[in-house]
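1 is the number of the first residue of the sequence shown in my numbering; add one for each residue after it.
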Amino acid sequence: MRDSAYEHLCTLLVGVATLFRFIGYDISTFIVESVVHSAHVRDPSAIINHAGYYGQAVKEIASILSTFFVPIGLNYLKAKWALVIGTGAFAFYVGSFFWINNYLYFIANIALGIAFTLNYTAFSTYQMQFSTRKTLARNSGRVWSISCLSLLFGGSLYIYVTSTQALSIDGMSGNETSGIEHYRYYSQEETRTLCSFLFASCIISTVIHAFFPDRE
């Protein structure tokens, strides 16, 4: 394969893989607090109140701490497979919403924080492997132009899910409605349906990453 064709192929694959990962992650970030709070309303013993906010804090702390060892790990792991592992961790995070509980949810946020560092570090490393100094800026711009299309897909889905209500508050008991007046309530069935789509998006991204070409 010619160098120019190889660059174009890698640029397209990286952009599309990042697009699907962003679709899965961005939407879950927008709705995480409402989804987790809805699970708390259904079963307070399963997940603590405001766990969505605490989970975000845990994710950020894990991401910061992982910056000390992830770059070292990339000396022994190819960027392509680092991206596969990182995107798989994104899928694990989204999949944790199928069984929301304190242990799984916070472990998933730790994994997500590490995945953030792993993905962004390996993402840059892989781009430099198929780009030259002359084409790096161009290829990077193309990758981000493709991946940022996730804002259109994700934004449309976000508008839809936040403009509908799975269950009327009037049809719930007093204990169930306590504390949800300021949240968009998600039923268990609705949560699993939505997360199935987001999980599938992350899995597609993981598979695409696994098929990245490698000239070594």
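Cβ atoms here follow ideal geometry from the backbone N, Cα and C, with glycine treated the same way.
Item	Value
Best match in 89, 102, 210 for proximity to residue 113 [C-alpha to C-alpha]	89
CB of residue 98 within 7 Å of CB of residue 111, strictly	no
Where residue 120 falls: helix, strand or coil (DSSP)	helix
Cα-Cα separation between residue 16 and residue 58, rounded to whole angstroms	29 Å
CB contact below 7 Å: residue 42 versus chain D	Among the chains in the structure shown there is no chain D, since it carries only a single protein chain.
Which of helix, strand or coil DSSP assigns to residue 132	coil
C-alpha gap between residue 42 and residue 184, whole angstroms	14 Å
As assigned by DSSP and simplified to three states, the class of residue 77	coil
Residue 3 vs residue 154 beta-carbon contact at 7 Å	no
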